[in-house]
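Q:
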Amino acid sequence: MTSRRSLLALASGMIGVLPAAKALARTTAAGAGGARVLSTWDFGAAANDAAFARLSAGASLIDAVEAGAMVPEADPTNHSVGYGGYPDRDGHVTLDAVIMDDAGNVGAVAALEDTVHAISVARRVMEQTPHTMLVGEGATRFARAQGFPQRNLLTPEAEKAWRDWLTTAQYRPEANSENRRARTPGGALDHDTIGLLARNPDGRLAGACTTSGMAFKMRGRVGDSPQVGSGLYVEAGVGAATSTGLGEEVTRIAGTARVVASMRSGKSAQAACEEVVKHIASLRGNAIRGVQVGFLALDPRGNVGAFCLLPGFTYAVTDMAGRTTIHQGTSLFQA
Ligand code: SD4
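See below:
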């Protein structure tokens with residue numbers, strides 16, 4: 238495995254600072270006081286800012302992570318979350334989402350249709366039902382019953398991408414459509430699932446994860462994102478973790494549950510992410526060639542962990558003062 242792609246041992250480096258922010262010290266991803274909000278990918282910056290604004294106004298962690306996740310869900314230019322997401326191979330946009338606090342309260346939806354804010358429906362599952370997850374038609378009916386408006390999520394742009402895909406892929410789902418469709422013509426990853434973690438000064442934690450999942454997936458396919466312990470896991474006094482990338486590789490090992498378990502055993506957030514990515518690599522060998530998986534973790538003191546299989550995984554950190562910076566996750570392999 239390591240002979241075909243060399244191991245990288247670079248420290249995670251800050252690659253961007255939002256206009257309003259001042260440069261932060263490179264020695265820490267979050268500046269003094271640690272991270273307040275942390276999310277996957279550079280587009281997470283806008284979600285972090287929305288979450289931070291809610292926290293600053295005195296809202297709960299759950300309110301904040303929901304508000305953050307709603308930003309990319311409503312963005313039609315983001316083709317892997319919410320409205321404007323790429324559909325399954327039958328042309329239906331289906332959404333997966335989970336929300337969780339550190340007291341074990343959790344709600345999720347999978348294969349939700351015709352509803353922009355999957356994260357808000359997941360929250361209603363948490364707060365209004367005795368269950369932790371609703372799927373498919375039942376989830377969609379629940380959304381209607383809860384008053385969420387019906388909306389066609391398939392934008393003309395996403396429909397065109399799907400029709401183009403049909404001409405070349407001949408209806409065959411490919412695991413790596415996920416990587417392929419998320420790359421710009423220049424090759425850089427632009428949009429992807431959002432996983433968002435937030436922390437209060439007293440060390441309490443919560444998280445949210447929302448996605449339209451793998452592009453052109455089989456109808457009924459559910460990835461890691463809405464599954465507790467795969468796309469998201471939060472444990473009081475220990476930490477929170479979220480994932481992005483090819484969900485099947487996270488789900489088969491209960492990835493975020495493992496990251497948090499590793500933190501529980503004493504590892505730092507960073508070491509825990511590294512341990513689990515390396516476990517995937519050793520378990521899967523050549524089967525994960527060209528596949529991206531990335532984990533983010535946050536501990537109660539605001540320390541951040543980020544590690545991935547392949548280069549290109551960016552994440553957004555907002556510190557206690559509300560300054561948001563974009564970072565590049567260290568990867569196990571070179572491209
Ligand atoms: C999934 N993990 O459905 C999600 C999608 C994603 O990079 O994160 N894509 O597999």
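For the sequence shown, the tail end lands on 572 under our numbering, and the numbers increase by one without skipping.
Ideal Cβ positions, reconstructed from N, Cα and C, are used throughout, including at glycine.
1. Indicate, with yes or no, if ligand 1 has a heavy atom lying under 7 Å from the CB of Thr392.
2. Can you have a look at Asp279 and say buried or exposed, based on whether 16 or more other CB atoms are within 10 angstroms of its CB?
3. Secondary structure at Leu403, three-state DSSP: helix, strand or coil?
4. For the segment 318-366, which segments carrying the alpha helix (DSSP H) assignment without a break, of at least 4 residues, lie completely within its bounds, in sequence order?
5. So, helix, strand or coil for Gly542, using DSSP?
6. According to DSSP, simplified to helix, strand and coil, what is Glu310?
7. According to DSSP, simplified to helix, strand and coil, what is Val459?
8. Using the beta-carbon count (16 or more within 10 Å), is Tyr320 buried or exposed?
9. Give the secondary structure of Gln507 by DSSP, where H, G and I count as helix, E and B as strand, and everything else as coil.
10. Could you tell me if Tyr323 is buried or exposed, where buried requires 16 or more neighbouring beta carbons within 10 angstroms of its beta carbon?
11. Return the bridge partner residues of Met370 from the DSSP annotation.
12. Once DSSP output is grouped into helix, strand and coil, what is the label at Phe453?
13. From Glu512 to Ala382, what does the alpha carbon distance come to, in whole angstroms?
14. State the Cα-Cα distance for the pair Gly305 and Asp286, rounded to the nearest angstrom.
15. Under 7 Å from any heavy atom of ligand 1, does the C-beta of Ser317 make it?
A: Inspection of the coordinates gives the following:
1. No, ligand 1 has no heavy atom inside 7 Å of this Cβ.
2. buried
3. helix
4. 355-365
5. strand
6. helix
7. Val459 falls in the coil class under three-state DSSP.
8. buried
9. helix
10. buried
11. According to DSSP, Met370 bridges with Ala345.
12. coil
13. 43 Å
14. 7 Å
15. Yes.
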